[in-house]
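Peer 1: Numbering (my numbering), first residue to last: 82 to 964.
Ideal Cβ placement from N, Cα and C applies to all residues, glycine included.
Could you have a look at this structure, given as structure tokens, before my questions?
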């Protein structure tokens with residue numbers, strides 16, 4: 082250390098002066114050097130430097146600096162990867178932050194660029210003979226202590242401090258996102274300048290492997306001795322999976338958190354917790370209130386998920402009573418709010434700008450949930466160090482530097498801080514489980530059970546060597562009826578090339594009262610039936626006759642479709658569906674609710690070709706049709722054993738629309754409309770499922786095997802850019818979630834009333850789409866039956882007969898839209914809250930209250946327009962008649 086102090090006085094002082102013009106104007110007088118004794122700096126050596134200058138008017142000026150150097154060369158320095166850490170830190174100060182400020186500094190309004198770090202006076206890398214013959218780093222920053230900046234409480238931060246940390250890191254992350262949205266090529270330069278910092282080393286056990294193994298051992302040792310701490314089945318399941326999959330090598334779990342995400346990965350602080358921020362406080366009455374902060378110690382810089390920065394300090398520095406109050410989610414939302422405001426500020430756009438859509442709350446939180454466990458795992462490792470006494474910590478650090486593989490170091494880590502530490506890390510993991518960050522049972526199932534099944538069942542995988550399989554979950558609201566996993570398989574081909582294949586795994590959600598209430602067993606078994614039996618039968622019968630029909634129009638490639646008992650998931654019958662992931666081929670969902678005429682026509686044509694297969698088998702009197710039909714398990718709206726899911730949804734939906742019409746009688750703008758609404762209200766306002774059951778009746782000519790849930794949510798479009806516009810050119814159906822055998826109007830009227838904007842109902846778009854469906858249907862039947870459109874066997878399917886049939890069933894689409902439009906036309910935050918309340922208790926007052934108002938007046942008006950159009954088209958006439 083004495084050598085480094087001498088180096089500071091003889092070399093660094095002059096470098097500081099030489100590289101800062103404002104200091105060159107002053108007369109150098111003297112220096113004073115003091116070594117930091119703080120344990121927090123054990124990764125490097127901290128030196129406090131004071132330089133005294135004299136100004137032109139003979140005024141004495143004192144400047145205080147913090148000098149940060151690497152510890153002298155040693156096996157320990159190499160083992161913990163100091164070189165990478167320190168070089169990356171200098172890269173942030175020297176390149177990244179100046180680049181951010183250079184690109185966006187002129188656009189800062191609410192963002193304070195000084196929020197990120199103290200003033201940087203010197204950043205240098207090189208071989209300095211005075212220090213040795215290895216590459217060393219020099220970092221000199223302004224010492225902010227004279228300005229009132231200091232570390233917060235040793236481990237527990239207040240909500241005010243945590244909020245400041247959320248805002249500061251959100252503004253920092255926003256710079257990466259703004260560069261990405263702008264397509265700035267300099268982002269790749271910044272990203273590539275960061276040396277990767279893995280948790281696992283190939284040639285030896287890394288510091289991380291040793292430390293996390295001890296941390297996990299401590300956690301489970303305490304839980305084994307105190308089983309009452311495991312207070313829910315979910316927590317028990319999550320811990321069992323964590324133990325079974327990662328107890329021996331927890332660093333493998335940490336490695337998973339380092340995976341790149343092309344939308345959300347950012348340049349991180351990397352070690353963002355109380356130890357590495359300085360707060361400035363202001364006295365307000367008896368209380369000290371934090372009003373500002375600065376980042377320090379970019380010690381573990383990475384390019385990766387923002388959850389690495391965010392979840393670390395939330396789990397590490399939030400005391401249990403604040404966790405119990407729900408503060409973690411409050412602050413994650415606050416971070417996101419600050420992030421969106423900052424991106425908008427940097428890009429000079431509104432938050433609603435389409436360029437920010439990827440970063441909206443629902444998308445962000447779906448990403449964050451995949452990585453939120455990172456912070457909990459770091460806390461399990463690091464809380465013992467920061468929660469124990471300072472004497473214990475000194476002993477832990479000394480032994481860590483001497484020999485981190487020693488049994489003494491292990492024993493110190495397992496016992497330091499005692500029971501209070503054990504209780505705290507258990508609380509951290511309990512909250513991670515409660516928030517859904519530990520959902521790994523399905524991931525383990527995918528990686529250990531599904532992968533071998535996939536390889537055994539698909540010839541294209543069998544002549545390749547599996548290198549790695551990695552599963553991750555997807556938490557988007559659209560998938561709330563099931564669990565969606567993304568499973569990526571990396572192969573080595575016979576010619577030694579690397580090949581990545583992406584799949585989507587769909588499972589039923591774990592058993593719960595909700596699973597039974599929504600009849601998930603019927604819905605999921607029917608979906609498997611479509612993929613495993615129906616579509617293969619259609620292809621077997623008609624594939625050689627396809628000319629204009631593209632069989633791929635129906636769905637992604639099917640790799641597995643099974644109904645079986647999987648003890649790794651439960652002791653009940655489960656479903657397993659594995660499809661090709663079409664994201665790499667640029668398939669995606671359309672607009673959240675409103676589709677264009679191009680998208681509507683694609684949907685009409687695809688479903689027409691699908692329905693045509695049922696009709697062609699009927700015309701051919703194919704005996705296998707009856708077998709296919711009988712394989713579809715009926716999915717009624719009413720239940721003999723009590724109220725169903727549909728009872729609740731439709732009763733609330735009708736109460737809402739009729740309440741609105743009572744408050745806005747001017748909406749009933751014609752006698753026919755008024756009469757039709759009155760008839761609808763009298764007959765079905767109290768028993769809406771009686772009406773829904775009528776739509777299930779079978780028609781000997783027009784009933785078909787349906788998709789059943791055919792709307793924007795369940796199709797993926799592929800787009801091409803033409804004349805600067807995104808035009809849909811292809812689609813695939815997904816989520817055959819409510820399969821039925823019945824009227825084609827169930828498929829058609831659903832998406833037409835759901836996804837056509839009310840202003841377009843006043844044009845001819847609805848009827849044009851319907852006629853296009855019918856012409857596509859006849860064209861497809863001609864192809865499958867190898868006949869002309871005037872062939873007599875097609876007479877039952879004429880436009881006149883079809884439209885007469887359609888009118889009897891079209892109101893189905895209006896009914897579904899009345900209950901579903903509020904979900905899809907309200908803000909995504911409201912939709913997320915609806916989904917949460919729905920899963921918690923759909924009978925609750927809270928769910929009903931939100932369902933009655935979500936989306937506001939615009940939703941009420943949209944539902945009314947659907948009713949008005951249905952009345953005008955004669956689709957409501959069937960309401961007053963019996964079948």
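Whose C-alpha, out of 211, 116, 728, is nearest the C-alpha of residue 91?
Peer 2: The shortest Cα separation from residue 91 among 211, 116, 728 belongs to 211.
Peer 1: Throw me the rounded Cβ distance for the residue 379 and residue 170 pair, which I believe falls under 8 Å.
Peer 2: Yes, they are in contact, since the Cβ atoms of residue 379 and residue 170 sit about 5 Å apart, within 8 Å.
Peer 1: Check whether the stretch 430-442 and the stretch 294-307 touch, using three or more Cβ-Cβ pairs below 8 Å as the test.
Peer 2: No, the stretch 430-442 does not touch the stretch 294-307.
Peer 1: If we count the other Cβ atoms within 10 Å of its Cβ and call it buried at 16 or more, is residue 709 buried or exposed?
Peer 2: Classification for residue 709: buried.
Peer 1: Mind reading off the beta-carbon distance from residue 674 to residue 793? Whole number of angstroms is fine, and I expect it under 8 Å.
Peer 2: Their Cβ separation, rounded to whole angstroms, is 7 Å, which keeps residue 674 and residue 793 in contact under 8 Å.
Peer 1: Tell me the rounded alpha-carbon separation between residue 886 and residue 919.
Peer 2: Going from the Cα of residue 886 to the Cα of residue 919 covers about 35 Å.
Peer 1: Which of the three DSSP states, helix, strand or coil, is assigned to residue 908?
Peer 2: If DSSP states are grouped into helix, strand and coil, residue 908 belongs with coil.
Peer 1: Report the partner residues of residue 582 according to the DSSP bridge assignment.
Peer 2: Per DSSP, 570.
Peer 1: Under the assumption that residue 776 contacts residue 890 (Cβ atoms under 8 Å), give the Cβ distance between them as a whole number of angstroms.
Peer 2: That pair is a contact at about 6 Å.
Peer 1: Counting pairs of beta carbons, one from the stretch 220-239 and one from the stretch 129-146, are three or more of them closer than 8 Å?
Peer 2: Touching, yes, given that three or more Cβ pairs across the two stretches are closer than 8 Å.
Peer 1: By how many angstroms is the C-alpha of residue 934 removed from the C-alpha of residue 121?
Peer 2: A caution first: residue 121 carries a pLDDT of 47, below 50, which makes its placement in the model unreliable, though a value can still be read off. Their Cα atoms are separated by approximately 52 Å.
Peer 1: Where does residue 637 sit, in a helix, a strand or coil, going by DSSP?
Peer 2: Reduced to three states, the DSSP call for residue 637 is coil.
Peer 1: Looking at the strands, I want to know which residues DSSP matches up with residue 141.
Peer 2: In the DSSP output, where bridge partners are listed per residue, residue 141 has 135.
Peer 1: Could you tell me the distance, in whole angstroms, from the CA atom of residue 580 to the CA atom of residue 460?
Peer 2: So the two alpha carbons sit approximately 36 Å from each other.
Peer 1: Classify residue 328: buried if its beta carbon has 16 or more other beta carbons within 10 angstroms, exposed otherwise.
Peer 2: The residue in question, residue 328, is exposed, as its Cβ has fewer than 16 Cβ neighbours within 10 Å.
Peer 1: Sort out for me which residues DSSP pairs residue 814 with in a bridge.
Peer 2: Paired residue(s): 636, 796.
Peer 1: Count the CB pairs spanning the stretch 900-919 and the stretch 928-946 that are closer than 8 Å, and state whether there are at least three.
Peer 2: Cβ pair count under 8 Å is three or more, so yes.
Peer 1: Is residue 150 a contact residue of the ligand SAH, with contact defined as CB to any heavy atom under 7 Å?
Peer 2: By its list of ligands, the structure shown contains no ligand whatsoever, and the ligand SAH lies outside what it can speak to.
Peer 1: For the alpha helix (DSSP H) holding residue 416, just list the boundary residues, first then last.
Peer 2: Segment 408-428, the alpha helix (DSSP H) holding residue 416.
Peer 1: Can you give me the C-alpha to C-alpha distance between residue 960 and residue 855, rounded to a whole angstrom?
Peer 2: If you take the alpha carbons of residue 960 and residue 855, they lie about 25 Å apart.
Peer 1: Within 10 Å of its beta-carbon, does residue 865 have 16 or more other beta-carbons around it, so buried, or fewer, so exposed?
Peer 2: So residue 865 counts as buried.
Peer 1: Out of 247, 332, 249, 259, point me to the one whose CA is closest to residue 285's CA.
Peer 2: The option with the nearest alpha carbon to residue 285 is 332.
Peer 1: What residue does the beta strand (DSSP E) around residue 204 start on, and which one ends it?
Peer 2: Where residue 204 is concerned, the enclosing beta strand (DSSP E) stretches over 201-208.
Peer 1: Which stretch, first to last residue, makes up the beta strand (DSSP E) that contains residue 358?
Peer 2: Run containing residue 358: 358-365, per the beta strand (DSSP E) assignment.
Peer 1: Ignoring anything shorter than 4 residues, give me the alpha helix (DSSP H) runs that lie fully in the stretch 173-250, in order along the chain.
Peer 2: Correct list: 178-185.
Peer 1: Give me the DSSP bridge partner(s) of residue 803.
Peer 2: Answer by DSSP bridge pairing, in chain order: 806.
Peer 1: So residue 1040 is in the beta strand (DSSP E); what residue range does that whole segment cover?
Peer 2: Past the edges of the chain, shown from 82 to 964, lies residue 1040, and the structure says nothing about it.
Peer 1: Give the C-beta separation of residue 738 and residue 944 to the nearest angstrom, bearing in mind that I take them to be a contact with Cβ-Cβ under 8 Å.
Peer 2: So it is a contact: roughly 5 Å between Cβ atoms.
Peer 1: For residue 93, does the count of other Cβ atoms within 10 angstroms reach 16, so buried, or fall short, so exposed?
Peer 2: Its Cβ being crowded by 16 or more others within 10 Å, residue 93 is buried.
Peer 1: Using only CA atoms, which one of 660, 103, 315 lies nearest to residue 592?
Peer 2: Closest option to residue 592, Cα to Cα, is 315.
Peer 1: If you draw a straight line from the C-alpha of residue 547 to the C-alpha of residue 663, how long is it?
Peer 2: Between residue 547 and residue 663, the C-alpha separation is close to 21 Å.
Peer 1: List the whole-angstrom C-beta distance separating residue 588 from residue 656, where the pair is believed to meet the contact cut-off of C-beta under 8 Å.
Peer 2: So it is a contact: roughly 7 Å between Cβ atoms.
Peer 1: Considering only DSSP beta bridges, list what residue 655 is partnered with.
Peer 2: Residue 655 pairs with 645.
Peer 1: Where residue 512 and residue 404 are concerned, what is the direct C-alpha to C-alpha distance, given to the nearest angstrom?
Peer 2: One C-alpha to the other measures close to 7 Å.
Peer 1: Tell whether a beta-carbon distance below 8 Å holds between residue 247 and residue 454.
Peer 2: In this structure, residue 454 does not lie closer than 8 Å to residue 247 by Cβ.
Peer 1: Could you check what DSSP says for residue 973 in three-state terms: helix, strand or coil?
Peer 2: The structure shown does not extend to residue 973, since the chain is modelled only from 82 through 964, so no value can be given for it.
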